[in-house]
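Taking it in order: structure first as structure tokens, then the write-up.
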Amino acid sequence: NILNELIQIMADKVTATIISKAHKAKYYSIIADCTPDVNHIEQLSLTIRFVDLSKENVDISEHFVQFTPINNSTGEGLSESILNLLNIHNLKLKNCRGQGYDNGANMKGRHSGVQKLIINKNPLAFYMPCGCHSLNLVLCDAAKSSTKSVTLFGVLGRLYNLFSASVKRWQLLVDHLKNFTLKRLSDTRWEAKVSSVKAVRYQIGDMYDALISLSEKEERHDPITSHEAFTLSNQIKDFSFLVSLVVWYDILFQINVVSKCMQKSNFDVCNSVKLIEGCYNFLKDYKVTGFEKAISTASELASELGSEPEFKDSKRVRYKKRQFQYECRDEPITSPKKKFEVEFFNPLLDTAISSIKERFDMLLKHTEIWGFLYNFSKISSFEKDELQKYCADLQIALTDGLESDIEAVFLCDELISIQHFTKINDCNSPLDVLNLIKKNQLEDLYPNIWIALRILFTIPVTVASGERSFSKLKLIKTYLRSTISQGTLTYLATLSIENAIAQNLDFSELIKVFADKKARKVNFL
């Protein structure tokens, strides 16, 4: 009991420190996600994001608040749980300026989702779908565009299952693959499949040798395994497999880079827009030039395997008898190369391009409102009427009833005035401008810029911080500790996740708090 009380006192102090920083920042965003624990209880993780003003430089922070069990996983039940947690920690909903959830229907639903129910109570709580989840869905859509993609990942999965089924087989694989190890295909995180594709893409010759070695070794003892290894060795030599392997690696590598960057807790909407635009442009350019480059790279892989860099001839095209007054049939594709491009490459890129545009529609809407603040060096190129319009639109977005966070007229004047300081100090990014204002104590001179930029950085990009708390949950509440209380779970998770704050606690003060709780003598004077 004493140990649990000490843990509670320390965790409460850490949480109080976080809430104090959030109050000082005023504006905050909520990041929420759910996961089942070892007892099959749905646990809601609440994280808050705000601009930390307690340090010398402005810092965008995301901090864990609490785990709470969920009995009702509908939008209404989840929103009530979130609002209750905000009330418990004295976080006013009217100061909430952002919401970050995954792409589940109960979260992002337009009519009864959590984001909609909270917006009904606070219209200024802007909703931003998780960028990493959206990228994952883009890849899911692209993978369903053709059977060739399904075949590729099916072969990669069979390769892993074949070698991982035995310690001896795995050692044989490790002896052949010197640089990258074959990875299990992730069922949920598509961008993580890049590790599996990479191991085969850059070690195709070694992988082929490992399969042939396994086939010959198991020929007498295990004919089924020998046949499977031999079949896979023929499949990875197929030129269409090699081209699809190269194409998918190029796409997965690019999207994985974007996903890793977006998972940083201090990543903001401005940089997110740049990365998504860069990824979108990459896919468009790759559609134009990528096929020939992929064939060239696949030809090198084919020569390494000693196979011909040619697509197999397609089956004979059957013609339907044309009926009277029917339209003319399309000219059949007889070239195997052209057919592969039409049936695999073009659908894959078309689906990815259209999906990324559709799934990041909310991000584009935010850009329409906030985009003029993304680069301060471009503000001087705006006409005053144009800048006034941008400021007026932003004021409308930040207005609830008769109250508004900013004044458009004053914001426009401040943006024109601050250009002199930004040019001298070479400040172009919003974060640089925010630090410039803080270091020079210009908050009173540029209050509208100060508020607008803090709100901009408060809007979340992903729910990665919420998902990271699940890792601690799995470590703390294990099978052997399944009876741990909900309070102790939250206290231990707080100390573990927010260990940077916990290590700087004043333990003499905590000991005094503990002693006061245990004191039997009561001082009446």
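For the sequence shown, the residue numbers in the working numbering are 153 to 677. Note that CB positions come from ideal geometry on N, CA and C, so glycine has one too.
Hey, Trp613 and Met414: beta-carbon distance below 7 Å or not? The question names Trp, yet the displayed sequence has Val at residue 613. Closer than 7 Å, so yes.
Closest Cα partner of Phe512 within the set Val615, Leu289, Asp578: Leu289
Neighbour-count burial assignment, Gly553, 16 or more Cβ in a 10 Å radius: exposed
Starting from Tyr643, trace the alpha helix (DSSP H) both ways and give me its first and last residue. 638-649
Could you tell me if Asn223 is buried or exposed, where buried requires 16 or more neighbouring beta carbons within 10 angstroms of its beta carbon? exposed
Beta-carbon spacing of Phe528, Val585 below 7 Å: yes
Within a Cβ cutoff of 6 Å, which residues of the same chain sit near Ala163, ignoring the five residues on either side of it in sequence? Tyr643, Thr646, Leu647
Can you list, in chain order, the stretches of the beta strand (DSSP E) that have 3 or more residues and sit fully within the segment 271-336? 278-281
7 Å Cβ cutoff met for Leu237 and Leu198: yes
Using 7 Å as the threshold, is the C-beta distance between Leu269 and Ser231 below it? yes
Where does Ile611 fall in DSSP's three states? coil
Can at least three beta-carbon pairs, one atom from the segment 397-405 and one from the segment 344-360, be found at a separation below 8 Å? yes
Cβ separation of Ala184 and Gly618, assumed to be a contact under 8 Å, to the nearest whole Å: 6 Å
Going by C-alpha distance, which of Leu539, Phe609, Glu228 is nearest Leu205? Phe609
Within 10 Å of its beta-carbon, does Lys624 have 16 or more other beta-carbons around it, so buried, or fewer, so exposed? buried
Assuming Arg249 contacts Ile603 (C-beta within less than 8 Å), just tell me the rounded distance between them. With a Cβ gap of about 10 Å, Arg249 and Ile603 do not count as contacting.
Within 7 Å, strictly: CB atoms of Gly309 and Leu329: no
Would you say Pro281 and Lys300 are within 7 Å of each other, going by their C-beta atoms? no
First through last residue of the alpha helix (DSSP H) which encompasses Phe512: Per DSSP, Phe512 belongs to no alpha helix (DSSP H) and is neither H nor E.
Ordered along the chain, which non-local residues of its own chain (more than five positions away) have a Cβ less than 6 Å from that of Ile508? Val290, Tyr432
Identify whether Gly357 lies in helix, strand or coil by the three-state DSSP scheme. helix
For the putative contact between Leu384 and Leu314, defined by C-beta atoms under 8 Å, what is the C-beta separation to the nearest angstrom? 7 Å
By Cβ distance below 8 Å, which residues in the same chain neighbour Lys273 in space, the five residues on each side in sequence not counted? Leu235, Leu245
Using alpha carbons as the reference points, say which of Tyr253, Ala454, Leu311 lies closest to His285. Tyr253
What is the rounded straight-line gap between the Cα of Asn656 and the Cα of Ser634? 30 Å
So Gly256 is in the beta strand (DSSP E); what residue range does that whole segment cover? Run containing Gly256: none; DSSP gives neither H nor E here.
Quick check on the burial criterion: 16 or more other C-beta atoms within 10 angstroms. Buried or exposed for Lys165? buried
Buried or exposed (CB count within 10 angstroms, at least 16 for buried), Ala652: exposed
Tell me which same chain residues have a C-beta within less than 8 Å of the C-beta of Thr630, skipping the five on either side of it? Val190
Would a C-beta distance cut-off of 7 Å place Leu546 and Phe219 closer than the cut-off? no
Backbone CA spacing between Ala654 and Glu214 [nearest angstrom]: 15 Å
Closest by C-alpha distance to Ile388, when choosing among Arg372, Ser367, Leu363: Leu363
Backbone CA spacing between Val307 and Phe434 [nearest angstrom]: 27 Å
Starting from Glu194, trace the alpha helix (DSSP H) in both directions and tell me its first and last residue. Counting along the chain, Glu194 falls outside any alpha helix (DSSP H), though it belongs to the beta strand (DSSP E) covering 194-204.
For Leu500, the nearest candidate out of Val302, Asp374, Val425 (CA to CA): Val302
Could you tell me which residues DSSP puts in a beta bridge with Gln250? First, the residue type needs correcting, since residue 250 is Gly and not Gln in the sequence shown. Gly250 is bridged to Ser181, Phe278.
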